[in-house]
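Protein chains in written order, with my numbering: chain A, 154 to 404; chain B, 642 to 957. Here a beta-carbon is modelled for each residue, glycine too, at the ideal position from N, C-alpha and C.
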Amino acid sequence: MKIYAIFTKEIRSYFVSPTFYVVLTTFLVLSNYFFYTDLVFYHWMNIKGNSNPIEALFSFYFNDLRFILMLFVPLITMRLLAEEKKLGTFELIATYPVRDGEILAGKYLSCLAVFILMIAATFLNFLLLFFWWGFFGLQALLAGYLGIFLLGCSLISCGIFISSLTENQAVAAMGTLGIFVLFWFLTWNEMMASEAVLKVMVRFSLFDRIEYFFKGVIESKDVAFFTLFIFFFLMMTVLSLKARSIWVSKK
Amino acid sequence: MIEVTSVSRHFGSISALKDVSFQVGKGDIAGLLGRNGAGKTTMIRLLACFLPPSKGQIKIAGLNLETDSLAVRRKIGYFLEKAPVYPEMRVVEFLEFMAKLKGVSRAVRKKAISEVIEACGLGEVRHRMVGNLSKGYRQRVGLSQSLLGNPEVLLLDEPTIGLDPEQIIEVRDLIKGLASRTTILLSTHILSEASQMCNKIIILDKGSIIAADTIQRLNALLHQEAILFSTQIESSGGQVVERLNEIPGVIRVQLGKTVSPCISNYLIEAAAHVDLPVELCDLAFKNRWTLREIRPLNMSLEEIFVELTTKEKLRP
Chain A
154 MKIYAIFTKE
164 IRSYFVSPTF
174 YVVLTTFLVL
184 SNYFFYTDLV
194 FYHWMNIKGN
204 SNPIEALFSF
214 YFNDLRFILM
224 LFVPLITMRL
234 LAEEKKLGTF
244 ELIATYPVRD
254 GEILAGKYLS
264 CLAVFILMIA
274 ATFLNFLLLF
284 FWWGFFGLQA
294 LLAGYLGIFL
304 LGCSLISCGI
314 FISSLTENQA
324 VAAMGTLGIF
334 VLFWFLTWNE
344 MMASEAVLKV
354 MVRFSLFDRI
364 EYFFKGVIES
374 KDVAFFTLFI
384 FFFLMMTVLS
394 LKARSIWVSK
404 K
Chain B
642 MIEVTSVSRH
652 FGSISALKDV
662 SFQVGKGDIA
672 GLLGRNGAGK
682 TTMIRLLACF
692 LPPSKGQIKI
702 AGLNLETDSL
712 AVRRKIGYFL
722 EKAPVYPEMR
732 VVEFLEFMAK
742 LKGVSRAVRK
752 KAISEVIEAC
762 GLGEVRHRMV
772 GNLSKGYRQR
782 VGLSQSLLGN
792 PEVLLLDEPT
802 IGLDPEQIIE
812 VRDLIKGLAS
822 RTTILLSTHI
832 LSEASQMCNK
842 IIILDKGSII
852 AADTIQRLNA
862 LLHQEAILFS
872 TQIESSGGQV
882 VERLNEIPGV
892 IRVQLGKTVS
902 PCISNYLIEA
912 AAHVDLPVEL
922 CDLAFKNRWT
932 LREIRPLNMS
942 LEEIFVELTT
952 KEKLRP
């Protein structure tokens with residue numbers, strides 16, 4: 154009941170905020186732009202005889218989508234706890250008979266609902282495509298969306314944790330983006346580390362792991378990794394909320 | 642209702658509260674006084690279950706804050722100095738959200754919200770966005786959320802700060818009205834407010850309690866050594882000051898305002914053990930004076946506060 158109350162309050166906060174509409178519109182414009190360019194590329198490949206939609210369309214589009222998510226998730230997570238701290242409302246609700254975990258669950262689920270809405274909007278492109286060209290590669294498409302969903306859940310859990318560390322929304326957004334970029338670049342510089350180290354780093358790279366989903370492959374170890382990642386950051390957020398004395402003493 | 646036993650709270654190497662103990666009984670309005678940084682807000686935060694104490698024990702309504710935190714939070718209402726609110730919500734929506742968090746059941750929620758809206762005079766603005774309200778109304782919204790769910794204990798941190806004089810009187814009346822069914826602990830800088838509203842005063846200084854009692858008892862405690870009296874005497878002859886000074890135990894006599902050539906006011910400081918009214922009546926009878934008035938002068942709360950925080954008179 155209390156989780157639901159926080160969930161609905163947060164959903165409402167998103168939809169009365171002009172910032173959210175700017176974020177949503179920009180996200181849809183960018184994701185549709187990438188869909189269009191990937192579709193043109195797929196059409197060009199099709200003319201050349203390579204018509205595998207999984208490699209030429211889905212995989213390209215999901216790779217673009219993960220990049221857009223990296224930029225946009227910080228914008229939807231930045232206010233979740235930073236704003237509460239800034240307004241002083243966190244101190245107020247923390248003295249109500251509500252557990253920190255319930256506050257976090259309500260906020261996390263609301264952000265997830267907004268994220269699902271954003272992703273569902275991108276699915277409309279595929280529905281239109283199927284309407285014209287008929288269904289193809291549906292399982293691979295769903296696997297790709299599962300990957301995007303797990304990536305989104307992971308990024309949101311990380312974003313909400315960073316938001317719990319500050320009362321400045323801009324700092325929360327930049328900090329979250331910085332961590333995402335770090336996860337993105339983790340395996341880019343192959344010369345930086347030895348092969349053995351690189352193997353370990355690949356295991357921690359969210360963005361490398363997600364590529365298997367884009368190829369239509371769902372591996373339980375990847376699902377387990379994302380689940381652990383989410384759980385880890387949510388636990389860190391609960392610990393951060395419990396460490397009130399640290400941020401109270403800094404004021 | 643509120644029992645604080647040997648509570649300390651440290652922030653790193655800083656001790657915000659040091660071995661604090663006090664009690665507030667059911668139906669009391671207790672004022673928590675102290676300078677800036679004395680530890681008032683920390684004390685209220687501990688009582689509101691926002692921070693745990695580093696040491697010691699706190700009980701509210703017989704429940705231990707450490708082990709029954711959720712149950713305690715159901716019994717308290719907390720008003721923060723900044724009166725934090727969600728600016729994007731309407732007043733009714735805000736109160737509904739807070740009532741849900743408080744666990745007010747759906748059946749009585751609407752009625753509970755209407756009651757606090759009426760009690761805090763928010764009827765006119767109930768459908769307005771909180772962010773568009775004046776500071777005074779926001780304070781009232783903050784106060785109204787603390788009243789949801791009929792709390793047994795109200796913790797108010799500077800409840801009248803930023804209000805205009807009319808609103809201050811209204812809020813004070815509201816708080817006084819609540820005392821019949823709620824125990825109230827309010828922290829304030831305004832000493833006249835505490836003396837008007839509170840029947841118990843707790844004075845904090847540098848994280849320690851230097852006094853916790855009724856204003857009358859604090860006065861008596863401060864007057865252990867000497868008591869000040871004001872008297873008006875009508876006499877046809879002179880040398881009144883000299884005669885008054887002759888009373889055993891009188892420390893000092895000061896001539897006050899002269900009402901007429903025969904009637905004057907006098908300020909007499911006498912040792913606490915002296916029964917000055919009796920001695921004065923005796924002297925007046927002997928000298929054929931008319932004793933028109935005699936009354937002890939009590940210190941104001943401001944004077945008590947300054948006396949305690951500067952002279953460290955009652956420190957253990």
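Find the residues of chain A that neighbour P725 (chain B), judging by a C-beta separation of less than 8 Å, and give them in chain order.
Residues of chain A passing the Cβ test: L240, G241, T242, E244 and L245.
Beta-carbon of V743 (chain B) versus every beta-carbon of chain A: anything under 7 Å?
Before going further, note that residue 743 (chain B) is Lys rather than Val in the sequence given. So, interface residue.
Since C617 (chain B) meets chain A, which of its residues come closer than 7 Å, beta carbon to beta carbon?
For chain B, the structure presents residues 642 to 957; residue 617 (chain B) sits outside this window and is missing.
Can you grab the Cα-Cα spacing for the pair K369 (chain A) / F386 (chain A), in whole Å?
The sequence as given places Gly at residue 369 (chain A); Lys does not occur at that position. Straight-line Cα distance between these residues: approximately 27 Å.
Taking Cβ-Cβ distances shorter than 7 Å, what residues in chain B pair up with R232 (chain A)?
Ordered by position in chain B, no residue passes the 7 Å Cβ test against R232 (chain A), which lies about 11 Å from the chain.
Against chain B, with Cβ distances strictly below 7 Å, would K162 (chain A) count as a contact?
With 7 Å as the cut-off, K162 (chain A) counts as an interface residue toward chain B.
Hey, would you say V733 (chain B) sits closer than 7 Å to R767 (chain B), going by beta carbons?
It is a contact, given that the beta carbons lie within the stated cut-off.
Would A258 (chain A) pass as an interface residue toward chain D - the criterion being a Cβ-Cβ separation below 7 Å?
You won't find chain D in this structure, because its protein chains are A and B.
Can you find the residues in the same chain that come closer than 8 Å, C-beta to C-beta, to S710 (chain B), ignoring five residues on each side of it along the sequence?
Excluding sequence neighbours, S710 (chain B) sits near C690.
So, does the CB of Y907 (chain B) fall closer than 7 Å to a CB anywhere in chain A?
No, because no Cβ of chain A sits closer than 7 Å to the Cβ of Y907 (chain B).
Quick check: L804 (chain B) and G777 (chain B), are their CB atoms within less than 7 Å of each other?
Cβ atoms of L804 (chain B) and G777 (chain B): closer than 7 Å.
Would you check if the distance between the CB atom of I850 (chain B) and the CB atom of P792 (chain B) is smaller than 7 Å?
Their beta carbons are not under 7 Å apart, which means I850 (chain B) does not touch P792 (chain B) by this criterion.
Using the beta-carbon count (16 or more within 10 Å), is G653 (chain B) buried or exposed?
So G653 (chain B) ends up on the exposed side.
Using C-beta distances below 6 Å, list every residue in its chain close to K700 (chain B), excluding the 5 sequence neighbours before and after it, in chain order.
Closer than 6 Å at the Cβ level, and outside the excluded window around K700 (chain B), lie E644.
So, V771 (chain B) versus M730 (chain B), is the Cβ gap smaller than 7 Å?
Yes; because the gap between Cβ atoms is below 7 Å, this pair is in contact.
Is there a C-beta anywhere in chain A that falls below 7 Å from the one on F735 (chain B)?
Output row for F735 (chain B): interface = no.
Which residue marks the beginning of the alpha helix (DSSP H) containing R362 (chain A), and which one marks its end?
R362 (chain A) -> alpha helix (DSSP H) spans L359 to F367.
Going by DSSP in three states, R715 (chain B) sits in which element: helix, strand or coil?
Helix, per DSSP.
Report the rounded CA-to-CA distance for E920 (chain B) versus D854 (chain B), giving the unit in angstroms.
Cα to Cα, E920 (chain B) sits roughly 31 Å from D854 (chain B).
Run through the segment 732–796 of chain B for me and flag every whole alpha helix (DSSP H) of 4 or more residues, listed as ranges in chain order.
If we require 4 residues or more, the alpha helix (DSSP H) runs fully inside the segment 732–796 of chain B come out as 732–743, 747–760 and 776–788.
I'd like to know if S393 (chain A) contacts chain B, where contact means its C-beta is closer than 7 Å to some C-beta of that chain.
By this cut-off, S393 (chain A) is not an interface position.
How many Å lie between L224 (chain A) and L742 (chain B) at the Cα?
For L224 (chain A) and L742 (chain B), the distance between alpha carbons rounds to 33 Å.
Residues in the same chain with beta-carbon distance under 6 Å from F259 (chain A), minus the five sequence neighbours each way, listed in chain order, please.
Here residue 259 (chain A) turns out to be Gly, not Phe, going by the sequence shown. Cβ within range, chain order: I156, I159 and F160.
Smallest Cα separation from F268 (chain A): which of A:S373, A:I164 and A:S212?
Nearest of A:S373, A:I164 and A:S212 to F268 (chain A), Cα basis: A:I164.
Distance check for G666 (chain B) and P171 (chain A), CA to CA, integer angstroms please.
Computed Cα separation, rounded: 49 Å.
Examine chain B for any beta-carbon lying closer than 7 Å to the beta-carbon of V251 (chain A), and answer yes or no.
Yes - at least one Cβ of chain B is within 7 Å of the one on V251 (chain A).
Does the beta-carbon distance from R779 (chain B) to V726 (chain B) come in below 7 Å?
Contact flag set, yes.
Count the other CB atoms, across all protein chains shown, that sit within 10 Å of the CB of Q322 (chain A); report buried if there are 16 or more and exposed otherwise.
Looking at its Cβ environment, which holds 16 or more other Cβ atoms inside 10 Å, Q322 (chain A) is buried.
Output needed for K659 (chain B): all residues of its chain with C-beta closer than 7 Å, excluding positions within five of it in sequence on either side, in chain order.
These residues qualify, in order along the chain: S649, G848 and S849.
Where does the unbroken alpha helix (DSSP H) through P725 (chain B) begin, and where does it stop?
Careful: P725 (chain B) lies outside any alpha helix (DSSP H) and carries neither H nor E.
Taking only beta carbons into account, state which residues of the segment 785–818 of chain B come closer than 8 Å to chain A, listed in chain order.
Listed by position along the chain: Q786.
For V812 (chain B), which residues from the same chain have a beta carbon less than 8 Å from its beta carbon, with the 5 sequence-adjacent residues on both sides left out?
Same-chain partners within the cutoff: Q780, R781, L784, P800, T801 and L804.
Helix or strand or just coil, what does DSSP make of L704 (chain B)?
If DSSP states are grouped into helix, strand and coil, L704 (chain B) belongs with the strands.
Determine the closest residue to Q786 (chain B) out of B:L832, B:H830, B:A702 and B:Y719, with distance taken between C-alpha atoms.
Here the closest residue by C-alpha is B:Y719.
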